[in-house]
Amino acid sequence: MCGIIGYIGENNAIDFLHYGLKKLEYRGYDSAGVAYFNKNQLTVYKKVGQVDNLFDEKLLKVNSNIGIGHTRWATNGKISTENSHPHQSFSKTITLVHNGIIENCTELKNKYLKGINLQSETDTEVVANLLEFFYLKNHHKLDSIKILMSLLKGSYALAILFNDDCENIYFLKNRSPLVIGCGNNCNFISSDTLGFEKYTSKYIEIDDFEFGYINKKNMEIFDKNSKKITKNVKDCANFQKINNKMQFEHYMLKEIFEIPDAIKNTCELYKNFESIKIINKNLFNKIKRIKLIACGTSYHASLIGEKYFREIGFDAYTEIASEFLYNKQIWQKDTLYIFISQSGETADTLSCVELCKKHNAKTLCITNVPTSRITKICDYTLPICCGPEIAVASTKAFNGQVCSLLVLSKYLQFIKKINIKKKKLNKKDTHSTSINKLISKIIKISKSININTFIRQVKPLTQMVKESKNVFFVGKDYDYVLALESALKLKEISYINSVAYPSGELKHGTISLVDNNTLTFAYITEKKLSSKTLNVINQIKSRGGKVVVISPFIELQKFENIDYFIKLPEVNNYFYPIISIIPMQILSYYVSVSLGNNPDKPRNLAKSVTVE
Ligand code: AGP
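Numbering (the working numbering), first residue to last: -2 to 609.
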């Protein structure tokens, strides 16, 4: 997803734009650019590549008190300087940066911009020329912006400079995130508070169809009826600050080390579960089935959640968000739709929420970003508390999401009085006691997690993974989901093709790929299923493949067909999905780094995919 920033104040805008764009790098990008006034001259400077390359000697010499900046993750149009932002209108009246997608761009271009010679393939340049078209007609900035908003369809967060006004930055927004940072004799615009958190923790959230402008002392914000509005100034100081990477080389390793705290803090949040304002007994009393919807790692967490709900005898299904939109849905009013999204900004998932709302369905989201869009459009929000996750590969959020789903399933069990022993039911205040007991157990487990112990176990496998042509992950039941998440983690940051299979499925075709260049990781965390997966290990070994087992059952180490054994701590069955993934999160990191990749910013990927 793209990132936009803007600064106007008494200090040098270039310093802020550099800081802000670096802070927005985590959103994923392939080019960056800035626009600034210098002696009333509006200049655009943009390049393909890293932010640090953009802020070269030439740019760092500039002194300006107003500017906008952008990190672009290519969607409309290839990766090129011409397609990078900021974009200018034909006569350079308008310069702007954009995060989002304009769905009716071609229609607007054909209707209003006939004969205009566009320099890029982007929807953003069309927006700049559209705004110029109206501004040159009515010479009123806010009226022109209002007309523009009435025409645009799709998602946008726009920061705009008019070449005849070096005192104000204009903005408008729909669906893409936009916040204003309130400083001393300066104001900021950003896609999120990280863009200016070093300068101020005071911020204003801009909502859909709001527009206006900021200058160094003031701002004016208008609602979709062009009524001037006053908005609450919030404080993001209480969000877990993103320190720098501290002693870690990458955010991903820092965030893996934060997994124990992520689990603990999420569970602490759930103590006295019903005190979480969203937890509404009536909601849960009325539902008869749950549908979980998400993408990527969050989808894998949903699959674990589905199993947790089914364990207590509750009807639950999971769908990939981008499929849910097109699968025929049977809408039933006693279904609760649960959306899982670390960022809360994933377009595929947000579109599913909007589809559910069109059918008056009940929606609950589980997210790590309390200010994200998904919290605004879902009926209920169950937050996880893992702290900002910067690395593109999601790690601690997965552990937090699984905890959240385990606690929610336990809560549901008591609310619905499913499979509860009679003697338990007549005890006072049963469910909150039981939930708090569960939470205490999870917190105890989180304190027993030793990341360094896992590193010592898995780091020696780095070379073996690097040399493998194919890497398979296999498992049964919960372990198959862990295999899915492991395969995603490895491939997305090492670029090694790695695939997950239900262990019983290998023999139905894929085993033909097994040879002495194949490495298979087998999860065995359910004792009753271990013999089945050991059979699969024999099948792999007899065809020359290498096998690594990830399991808490030390007795398996003696099994002659295992090349390497990764020992998990022994915990109650339900808790394995929370911790069993950690070794592969770590190993994927080391393989990526040893291949010379940057695990925080893997190629082609963005931290949150805000386009469908
Ligand atoms: C996970 O490592 C990936 N970065 C990706 O699959 C991610 O989980 C997916 O895009 C969903 O993101 P969300 O949780 O923010 O909605």
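Don't be surprised by glycine CBs; every beta carbon is placed ideally from N, CA and C.
Within the same chain, show all residues whose beta-carbon is closer than 7 Å to that of residue i, passing over the 5 residues directly before and after it, in chain order.
i      : result
PHE624 : As shown, the chain starts at -2 and ends at 609. That puts residue 624 outside it, with no answer to give.
ASN35  : VAL59, SER61
LEU14  : ILE2, TYR4, VAL31, GLY64, GLY66
ASN135 : SER141
So, at 8 Å on beta carbons, what are the nonlocal neighbours of residue i in its own chain, with the 5 sequence-adjacent residues on each side left out?
i      : result
TYR210 : LYS138, LEU139, ASN165, ILE166, TYR167, PHE168, MET216, GLU217
VAL462 : VAL468, LEU487, SER491, ILE493, LEU516, LEU584, VAL588
ILE446 : ILE256, PRO257, ILE260, PRO566, ILE576, ILE579
LYS75  : GLU118
PHE254 : PHE245, ILE448
PHE460 : According to the sequence shown, residue 460 is Gln rather than Phe. Excluding positions up to five away in sequence, the list reads SER591.
LYS89  : LEU39, ASN160
Quick one, which of the options has its alpha-carbon nearest residue i's?
i      : options                        : result
GLU342 : SER500, ILE547, PRO174         : PRO174
MET146 : ARG172, ILE551, PHE556, ILE579 : ARG172
LEU128 : LEU93, ASP162, ILE508          : LEU93
LYS288 : ALA603, ILE337, ASN279         : ILE337
GLY30  : THR72, ILE442, HIS95, TYR23    : HIS95
ALA32  : GLY46, CYS163, LYS19           : CYS163
LEU280 : VAL546, TYR377, LYS538, VAL123 : TYR377
PRO574 : VAL545, LYS43, ASP474          : ASP474
THR346 : SER443, CYS292, VAL399, ILE226 : CYS292
SER141 : TRP328, VAL568, ASN126         : ASN126
GLY397 : LYS170, ALA10, GLY384          : GLY384
PHE451 : LEU250, LEU155, LYS228, ASP204 : LEU250
PHE675 : LYS393, PHE395, THR430         : Residue numbering for the chain in the displayed model covers -2 to 609; residue 675 lies beyond these limits and cannot be assessed.
PRO457 : LEU481, MET581, LEU602         : MET581
SER401 : LEU300, LEU481, LYS466, LYS228 : LEU300
GLN339 : GLN38, LEU481, SER443, VAL366  : VAL366
LYS413 : ILE317, GLY310, ASN433         : GLY310
LYS525 : VAL606, ASP476, LEU110, ARG370 : ASP476
Residue i and residue j look like a contact to me (Cβ under 8 Å); what is the Cβ gap, rounded to whole Å?
i      : j      : result
CYS382 : ASN262 : 4 Å
LYS150 : GLU207 : So it is not a contact: roughly 17 Å between Cβ atoms.
THR368 : PRO380 : Not confirmed; about 11 Å, so no contact.
ILE201 : CYS179 : 7 Å
HIS84  : THR121 : 5 Å
TYR334 : THR360 : 5 Å
CYS183 : ASN8   : 7 Å
ASP312 : LYS283 : Rounded, the Cβ-Cβ distance is 14 Å, inconsistent with contact.
THR530 : GLY472 : 7 Å
TYR520 : ILE547 : 5 Å
VAL176 : ILE144 : Not really, about 25 Å apart at Cβ, beyond 8 Å.
Between the C-alpha atoms of residue i and residue j, what's the straight-line distance to the nearest angstrom?
i      : j      : result
HIS247 : SER585 : 13 Å
ASP49  : LYS598 : 14 Å
PHE131 : LEU105 : 13 Å
SER650 : HIS82  : Look at the range of the chain in this structure, -2 to 609, and you will see that residue 650 is not part of it.
GLU194 : GLN326 : 42 Å
GLY46  : TYR23  : 14 Å
SER198 : PHE185 : 11 Å
LYS438 : LEU56  : 54 Å
ASP331 : CYS375 : 16 Å
ALA71  : GLU351 : 25 Å
ASN449 : ASN160 : 55 Å
SER152 : SER591 : 38 Å
TYR561 : VAL545 : 5 Å
ALA497 : GLN536 : 16 Å
GLN237 : CYS264 : Reliability fails at GLN237, whose pLDDT of 47 lies under 50, so the model's placement of it is uncertain and no value is given.
ILE436 : CYS353 : 31 Å
THR507 : LEU148 : 51 Å
THR372 : LYS224 : 25 Å
THR294 : ALA480 : 12 Å
Please list, in chain order, all residues of the same chain as residue i whose beta carbon is under 6 Å from its beta carbon, the five residues on each side excluded.
i      : result
ARG69  : CYS(-1), TYR26, SER28, SER81, HIS82
ILE157 : LEU93, TYR167
SER319 : ASP345
LYS20  : LEU191, GLY192
TYR196 : GLY180
LYS616 : The structure shown has nothing for residue 616, since the chain only spans -2 to 609.
ASN212 : ILE5, GLU164, ASN165
LYS604 : TYR23, ARG24, GLY25, VAL389
GLY542 : VAL511, THR515, THR517
ARG540 : VAL511
ALA484 : PHE470, SER495, VAL496, ALA497
VAL568 : ILE442
Three-pair Cβ contact test at 8 Å for the segment 51 to 66 versus the segment 2 to 11: Enough Cβ pairs lie closer than 8 Å, so yes.
Three-pair Cβ contact test at 8 Å for the segment 398 to 414 versus the segment 305 to 319: Yes, the segment 398 to 414 touches the segment 305 to 319.
The segment 547 to 555 contacting the segment 505 to 515, beta-carbon criterion three pairs below 8 Å: Contact between the segment 547 to 555 and the segment 505 to 515 is absent, because fewer than three Cβ pairs lie under 8 Å.
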